[in-house]
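Visitor: Under the numbering used here, the first residue of the sequence shown is numbered 75, with each subsequent residue one higher.
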Amino acid sequence: MRAWGWQQDGGGMSTLELAPETSERGIPDPIEPMGLGCTVLLANARWFVKLRWIVIALLGLLGLTARLLPDLMRSLNLVPPARWPWVLAGVLLLGNLLFLFRLSRLQDDAPRRVIEISLWLQIVMDLGVLTALVHLVGSTSTLIAFAYLFHIALACVLLPPRKSFLVTVLAIALYLTCVLLEITRVLPPSGLLITAAYDGQQCPYLQLLFAVSAILVWLVIWYLVSTLSEAVRIRDQILDEANHRVLKADQERHRQVLQTTHDLKVPFSGVESCVQRLRLEHWQELSEPVHAIIERIERRAATLRRRIEDILLLGDLRSQAPQDELLDTVDLSSVIEEAVEACRRLEHKDKNLEITVNAPPIQVFGNRKQFSILILNLVSNALTYSRAGGRVTVSAVEREKDILVTVSDTGIGIRADALPHIFDDYFRTKEAAEFNRMSTGLGLAIVKEIARRFGLTIRVTSEEGVGTTFEIIFPAQATHEEQRRKTNSG
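1) Looking at the structure shown, is E545 part of a helix, part of a strand, or coil, going by DSSP?
2) Along the chain, where does the alpha helix (DSSP H) that runs through L138 open and close?
3) In terms of DSSP beta bridges, what is E537 paired with?
4) Taking the alpha-carbon positions, what's the L210 to P262 distance?
5) Which term fits L166, buried or exposed, when burial requires 16 or more other beta carbons within 10 angstroms of its beta carbon?
6) Assuming L450 contacts A413 (C-beta within less than 8 Å), just tell me the rounded distance between them.
7) Determine the direct distance from the alpha carbon of L493 to that of E545, and round the result to whole angstroms.
8) Classify I105 as buried or exposed, calling it buried when 16 or more other Cβ atoms lie within 10 Å of its own Cβ.
9) State the start and end residues of the unbroken alpha helix (DSSP H) segment that holds T251.
10) Starting from D384, trace the alpha helix (DSSP H) both ways and give me its first and last residue.
11) Exposed or buried, which one is E256 when buried takes at least 16 other CB atoms within 10 Å?
12) Candidates P154, Q325, V198 and E372: which alpha carbon is nearest G344's?
13) Is it the case that the region 427-437 contacts the region 496-505, given that we only count it when at least three CB pairs across the two stretches are under 8 Å?
14) Looking at C-beta atoms only, is the number of pairs between the region 470-484 and the region 446-460 that lie closer than 8 Å three or more?
15) I need the DSSP call for F220, collapsed to helix, strand or coil.
16) Since I believe V471 is in contact with R442 (beta carbons under 8 Å), could you give me their beta-carbon distance rounded to a whole number of angstroms?
17) Mapping DSSP to helix, strand and coil, what is R162?
18) For the putative contact between L406 and I477, defined by C-beta atoms under 8 Å, what is the C-beta separation to the nearest angstrom?
19) Since F439 sits in a beta bridge, which residues does DSSP pair it with?
20) When we look at the beta-carbon of S178 and count the other beta-carbons within 10 Å, is it buried (16 or more) or exposed?
21) Please return the same chain residues whose Cβ sits closer than 6 Å to the Cβ of I429, not counting the five positions on each side in sequence.
22) Excluding the five sequence neighbours on either side, which residues of its own chain have a C-beta within less than 7 Å of the C-beta of C230, listed in chain order?
23) Near R120, what residues of its chain come up, given a Cβ to Cβ distance below 8 Å and the 5 sequence neighbours on each side ignored?
24) Just to confirm my understanding: we take N426, look at its own chain, exclude 5 residues before and 5 after, and list those with CB closer than 7 Å. What are they?
25) Any idea what DSSP makes of I447, helix, strand or coil?
26) Tell me the start and end of each unbroken alpha helix (DSSP H) in the region 466-539 that is at least 4 residues and wholly inside, in chain order.
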């Protein structure tokens, strides 16, 4: 879950909303040394395809302009091209369709080598078409040669320095070959300009000087961009590895806490059993001061037992994936009624609270036990933090696109500055701690974790001293298979 929105109005009312995450939990895979991760690399390969559609459209527009408005081009000192814009656009179109088909079949976990091959094929095709375009537009009579910089810069960002330098060398080789073939007249003179600033055939050395100057600029650009990109890549890799270590350490710490907590469960059960035995067998023999001590032990042991149970439950929720065999259609109204009845039986009898339940039969898909825990925690909190004579309302309503469950009370409320933290482990406001010293501080963390597992949205609205309203939004029931996929991916 993530905090999707938090706002406070002028009257002291605050609202917090938690919405399901779009990405899966877990430790991210480390990025490849000196390169982008496979997921990012694949995304950039697909972006190359999208960018190429713009080039195809521009070539088509050039061919269309030459066909429909040749006089306009001549007035701009341009030679209307014959068919070559259409030929180049056709080559790019065919290649782009093949790349689009190939990349659509690759998943984010595809091998890095496969993604790099696709990227290299795109680069080679683009440089080949660009070299043809450079010759046809004017390799040394125009500034078209600097179009190679686009690929050099992109290669520096996407690839390690050694591989991006290969792209630069390939561009230099293609461009020099084009210029030398023009100087030796193997390729016929060509250009988009009607009159050039100089006659390249009469001054071949000047033509070669222009080409060498352009190449020097390319090399400088490659060095600057590749150096900066490599520095950023190294920094990102260090941060990613540090994050990886922190997450692993957190998982290990969490595992040890669960193990220690589990080890404490049996001794505390033994303590409670001994206290129960004292009550049943020796209570009359003990004095009143001893009675008070035993009752205090009972209360403390019960609090610690609940905390142990909550820690273990929270650990299970965070470490175990939902099991398909435990997912089924759940009658939400019966879950609500059972939770309210359980809270009525166990506590809050002396507060004379008014409890209203409005929950018509509504079906949702999920885990009945975990939904019961979620509702029970919210109802228990509403009753616990309500003052004597207060009112608690629990309702469920089926809307067009979702199902809304609301638990509201007229209790102590939550301070605006504390609201964003109420779902943190062990967090308790000062007012809540004074009102109820027996709380474990894990109830709402458990609520958040269950909501995350099943893609539920939580909205909390509260005003200090007035009351709190929790809204749980269940997605409308989809097919069992669809809901299983959503739940298991969370």
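All C-beta atoms, glycine included, are put in the ideal place defined by N, C-alpha and C.
Guide: Checking against the coordinates, here is how it stands:
1) In the structure shown, E545 sits in a strand (DSSP, three-state: E or B).
2) Per DSSP, L138 belongs to the alpha helix (DSSP H) from C112 to L142.
3) In the DSSP output, where bridge partners are listed per residue, E537 has G541.
4) Their backbone Cα atoms lie some 10 Å apart in a straight line.
5) With 16 or more other Cβ atoms within 10 Å, it is buried.
6) In this structure, L450 and A413 form a Cβ contact; the two beta carbons are roughly 4 Å apart against a cut-off of 8 Å.
7) Between E545 and L493, the C-alpha separation is close to 14 Å.
8) Here I105 scores only 43 on pLDDT, less than 50, and its place in the model should not be relied on; the value that follows carries that caveat. Burial call: buried.
9) That run of the alpha helix (DSSP H) goes P235 to I257.
10) That run of the alpha helix (DSSP H) goes E362 to S393.
11) Using a 10 angstroms sphere on the CB of E256, the tally of other CB atoms reaches 16 or more, which defines it as buried.
12) With distances taken between Cα atoms, G344 lies closest to E372.
13) Too few Cβ pairs lie closer than 8 Å, so no.
14) Touching, per the Cβ criterion.
15) F220: helix per DSSP, three-state reduction.
16) Not really, about 20 Å apart at Cβ, beyond 8 Å.
17) It should be noted that the sequence gives Leu, not Arg, for residue 162. The three-state reading of DSSP puts L162 in helix, counting H, G and I together.
18) A Cβ-Cβ distance of about 7 Å is found for the pair L406 and I477, placing them in contact under the 8 Å criterion.
19) F439 is bridged by DSSP to T403.
20) It is exposed - the Cβ of S178 has fewer than 16 other Cβ atoms within 10 Å.
21) Correct list, in chain order: V466.
22) Taking C-beta separations shorter than 7 Å and ignoring five residues to either side along the sequence, the partners of C230 in its chain run S238, W296, V299, S300 and S303, following chain order.
23) Taken in chain order, the residues that qualify are L177.
24) So the qualifying residues of the chain are A462 and G463.
25) Shown here, I447 sits in a helix according to DSSP, grouped into three states.
26) DSSP runs (the alpha helix (DSSP H)) wholly in the region 466-539: 504-509 and 517-527.
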